[in-house]
Amino acid sequence: MSDYQMYIDGEFTEAESGESYATYNPATGEKLADVAKGGREDVDRAVAAARRAFDTGPWPRMDVKERSALVRQMGERIQANMDTLAQLEVKDGGGTIRKAMMGDVNMCAGVFLKYAEYNETLSDVEDLPDYSLMPGLPGVPNYLKYEPIGVCGQITPWNFPLIMASWKMAPALAAGNTIVFKPASITSLTALELARIADEVGIPPGVVNVVTGPGGTVGEAIASHPGVDKVAFTGSTEVGSRIMALAAPTVKKVTLELGGKSAAIVTEDVNLELAAKGVLWGTFFHNGQVCESGTRAVVNEKVYDDLMSLMQEKAATLKIGDPLDFATDEGPLVSQAQLDTVERYVEIGKKEAKLVCGGERATGDGLDNGYFYKPTIFADVDNGDKIAQEEIFGPVLSVIKAKDDAEAVGIANDSMYGLAGAVWSNDIERAKAIAEQMRTGTIWINEHHLLGPEHPFGGYKQSGVGYEMGIDGYRAYQSKKRIHVDSNTDPNAHMTFSLLFSS
Amino acid sequence: MKIEAADSVDAVVARVREVRAGDLTFTIGTGCCDSTAPFLYENHIIGADTRHVGDAAGVPVWAPAWLADKYDGETLTIDVAESEDADSFSVETEFGCRFILR
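Written out as structure tokens, the structure is:
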């Protein structure tokens, strides 16, 4: 029997094939648990359950207060289980315990609480104006009714398993949808814990379904299944594009949050201490395995040398070690595959630019069996270099020199991505002018990474489609229905009929 | 960019063909959480800005044109990494392995 079974139609269950796969602790390389390896037939079961729960079950029809109370209880239980969830998140996906407690569990719980609140406070009915092109038409009420979309397929990446699950599950559930959720194979455990919490608080069977297994079967089956009305995905641009193609034949609604190669622009008037710490925070948090990381620092040439020295100094102070130790700043990368990718790109970077720190695995002190890598900085990077254009998704910062703000903005925008960015400057008006010229969905001035459940998050260019979080993220799980109500039953009073009837 | 395939690719593609009757294509990704890796898809739509950069086990390999230009004059090899928790939408993940680029 698997240590972690899938959750379908209110039951924890093995895969129909009976197969399972092992998931590993990236800090030690040791096996952590066996997880059920789902396939297409398990997706069929999950979609059938979600379809039934949506089409005839209580969830979409439930009183708003009752439904939001259940979503709120999920948030409260997540918060109450912080220690267990944070430890499991770190053991399964790396990172650090500080990040897991203060970031992952906190935000995951907060997102559920926020969407419970939105469900209660945002009206699902809105008045619409009269017909302006038909002034002769007496006031005919017209209104919008927001309704849940239906069965939502949701697929998340391995970098922030709990947070990504909350961004998907909470708005979908609060708005009255049912879900078929697939976590990343290498970090599936905490999503299954969320399923357990949903079960415990009494969310009806079939509303929440979590199917674990590879994207090539489970993911593909969810994204193409005729019983699925919407697909939401966070992950690589390549897979996002594939999901759009798979969703196209049945015209599913699609929300995608994809890759980035975000720029952090540093002006010459900046407080250098702030910029040095800030650029490193923007790049090396969670080893750079963050879609909105500022992995290209675009630095004004007047402060370039001073900032480089300060950043090198500060990067050397980051403590790499046991991710469950509160004093650790950097835990392991998520997997051997990710470590291989980082090593490959660092070799490319050594040919393209100047390596000034890191550039190798962190070893010794119990690190040898884990996937630890030193924070790495490349200087004198050209924005056309591979390390500046391809998303490495690791602790690798490329520093690019710019002569002025206009050149910096041009460099920042010269990317297929447009997810996020930062401006580090003491002149806020100047920073805002720069921010407004950057073609990305989120920009921080003198900050990085800060996201809140009240704020919409989405990408320009090939970084995504639609928005998650905020009210937009709630409405993204609703369909709009316009209802025209004409109470005049006199057949001669309907001027529109004259378009057809001449007499 | 020119793409070649390691011998190990043949067996994996043959296994995929046993369960998929549609046209197969490789496309080269550009990063993020799936790494820069080859993706094997069935009946995939190839974009207009995509270039044919080689064949692997009889399957055409496509890459974004800008990426192909970045690797002008270089030859990269598609290989297979065994891993039972292999993920991404690439279809060989069904068999507990993942195509990689080196």
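Chains as they are written, first to last, in the working numbering: chain A, 241 to 743; chain B, 7 to 108.
Glycine included, C-beta positions come from ideal geometry on N, C-alpha and C.
Chain A within 9 Å of residue i, Cβ atoms only
i	result
Trp-72/B	yes
Gly-102/B	yes
Ser-14/B	no
Ala-62/B	no
Val-97/B	yes
Gly-35/B	yes
Ala-87/B	yes
Gly-53/B	yes
Ala-92/B	yes
Lys-76/B	yes
Thr-81/B	no
His-50/B	yes
Ile-84/B	no
Own chain partners of residue i with C-beta closer than 8 Å, once the 5 adjacent residues on each side are dropped
i	result
Asp-730/A	none
Pro-444/A	Gly-250, Ala-293, Gly-297, Pro-298 and Trp-299
Pro-454/A	Lys-277 and Ser-425
Asp-55/B	Pro-70, Ala-71 and Trp-72
Gly-604/A	none
Gln-578/A	Gln-529, Tyr-611, Phe-633 and Gly-634
Val-451/A	Met-246, Ile-248, Gly-278, Asp-282, Val-283, Ala-286, Val-420, Phe-421, Lys-422, Val-458 and Ile-462
Ala-675/A	Gly-661, Val-663, Ile-683 and Ile-685
Val-437/A	Here the sequence assigns Ile to residue 437/A, which means Val is not the residue at that position. Correct list, in chain order: Met-314, Arg-317, Ile-318 and Asn-321.
8 Å contact criterion, which residue i and residue j should meet: CB distance rounded
i	j	result
Ile-640/A	Tyr-585/A	Wrong, their Cβ atoms sit about 16 Å apart, outside the cutoff.
Thr-396/A	Gly-333/A	With 8 Å as the limit, Thr-396/A and Gly-333/A do not qualify as a contact, their Cβ atoms being about 11 Å apart.
Met-709/A	Leu-691/A	7 Å
Ala-273/A	Thr-263/A	6 Å
Ile-483/A	Val-468/A	Contact flag wrong, Cβ pair sits at about 11 Å.
Phe-105/B	Leu-30/B	Incorrect: roughly 12 Å between the Cβ atoms, too far for contact.
Leu-637/A	Thr-523/A	4 Å
Ala-504/A	Met-548/A	Contact doesn't hold; Cβ gap of about 14 Å is too wide.
Asn-188/A	Val-506/A	Lying before the first or after the last residue shown, residue 188/A is absent from chain A, which here runs from 241 to 743.
Test: residue i CB closer than 9 Å to a CB of chain B
i	result
Met-342/A	no
Trp-398/A	yes
Thr-477/A	yes
Ile-505/A	no
Pro-454/A	yes
Asp-303/A	no
Val-471/A	no
Asp-580/A	yes
Ser-406/A	no
Neighbourhood of residue i by C-beta distance below 6 Å, restricted to the same chain and skipping five residues each side
i	result
Val-543/A	Glu-508
Pro-381/A	Val-725
Arg-671/A	Inspection of the sequence shows that residue 671/A is occupied by Ala rather than by Arg. Excluding residues within five positions, the ones whose Cβ falls inside 6 Å are Val-663, Ser-665 and Ile-685.
Thr-490/A	Pro-466
Ser-719/A	Glu-387 and Ile-389
Ala-628/A	Arg-536, Val-621 and Ser-638
Arg-280/A	Thr-457 and Ala-461
Same chain, Cβ closer than 7 Å to residue i, neighbours up to 5 away in sequence not counted
i	result
Gly-459/A	Ile-395 and Lys-422
Gln-702/A	Thr-477, Leu-498, Met-656 and Tyr-657
Lys-408/A	Gln-394, Thr-396, Phe-421 and Ala-472
Glu-694/A	Lys-354 and Gly-710
Ala-410/A	Val-311, Val-351, Phe-352 and Tyr-355
Asp-712/A	Pro-696
Leu-514/A	Trp-664 and Asn-686
Ala-92/B	Thr-99, Gly-102, Cys-103 and Arg-104
Gly-446/A	Asp-249, Gly-250, Ala-289, Ala-290, Arg-292, Ala-293, Gly-297 and Thr-418
Lys-517/A	Lys-554
Leu-512/A	Val-543, Asp-546, Leu-547 and Leu-550
Thr-495/A	Ala-472, Val-705, Gly-706, Glu-708 and Ala-716
Ala-431/A	Pro-401, Ala-405, Phe-421, Pro-423 and Val-450
Any non-hydrogen atom of the ligand SAH closer than 8 Å to residue i Cβ
i	result
Ala-255/A	No copy of the ligand SAH appears in this structure; indeed no ligand is present at all.
Scan the region 15-39 of chain B and note each continuous beta strand (DSSP E) run of 3 residues or more that stays entirely inside, going in chain order.
The region 15-39 of chain B contains, as complete beta strand (DSSP E) runs of 3+ residues, the segments 30-34 (chain order).
Beta carbons nearer than 9 Å to chain B: which residues of the region 607-629 of chain A have them? For the region 607-629 of chain A, which is checked against every Cβ of chain B, the residues closer than 9 Å are Gly-624, Asp-625, Lys-626 and Gln-629.
request  = May I have a chain-ordered list of the alpha helix (DSSP H) segments no shorter than 4 residues that lie completely inside the region 337-379 of chain A?
outcome  = Secondary structure remark: continuous alpha helix (DSSP H) runs of at least 4 residues inside the region 337-379 of chain A, in chain order: 346-361.
Restricting to runs no shorter than 3 residues, where is the beta strand (DSSP E) found entirely within the region 563-624 of chain A? 594-597 and 616-619
- In chain order, what residues of the region 669-685 of chain A put their CB closer than 9 Å to some CB of chain B? For the region 669-685 of chain A, which is checked against every Cβ of chain B, not one residue is closer than 9 Å.
Next item on the list: Please go through the region 431-502 of chain A and give each complete alpha helix (DSSP H) segment of 4 or more residues, from N-terminal end onward.
Entry: 460-464 and 477-487
Any C-beta of chain D within less than 8 Å: which residues of the region 244-261 of chain A qualify?
Given the protein chain composition of this structure (A and B), no chain D is represented.
Requested in this report: With 7 Å as the limit, tell me which residues of the region 432-463 of chain A have their beta carbon closer than that to any beta carbon of chain B; keep them in chain order.
Outcome: Pro-454, Gly-455, Gly-456, Thr-457, Gly-459 and Glu-460
Requested in this report: Could you tell me which uninterrupted alpha helix (DSSP H) segments, each at least 4 residues in length, are contained entirely in the region 33-87 of chain B, listed from first to last along the chain?
Outcome: 71-76
Check your understanding: In chain order, which continuous runs of the beta strand (DSSP E) of length 3 or greater are located wholly inside the region 631-695 of chain A?
Key -> Taking 3 residues as the shortest admissible run, the region 631-695 of chain A contains the following complete beta strand (DSSP E) segments, listed from N- to C-terminal end: 636-642, 660-664 and 682-685.
At 4 residues or longer, and completely inside the region 281-323 of chain A: list those alpha helix (DSSP H) runs for me, N to C. The region 281-323 of chain A contains these whole alpha helix (DSSP H) runs: 304-320.
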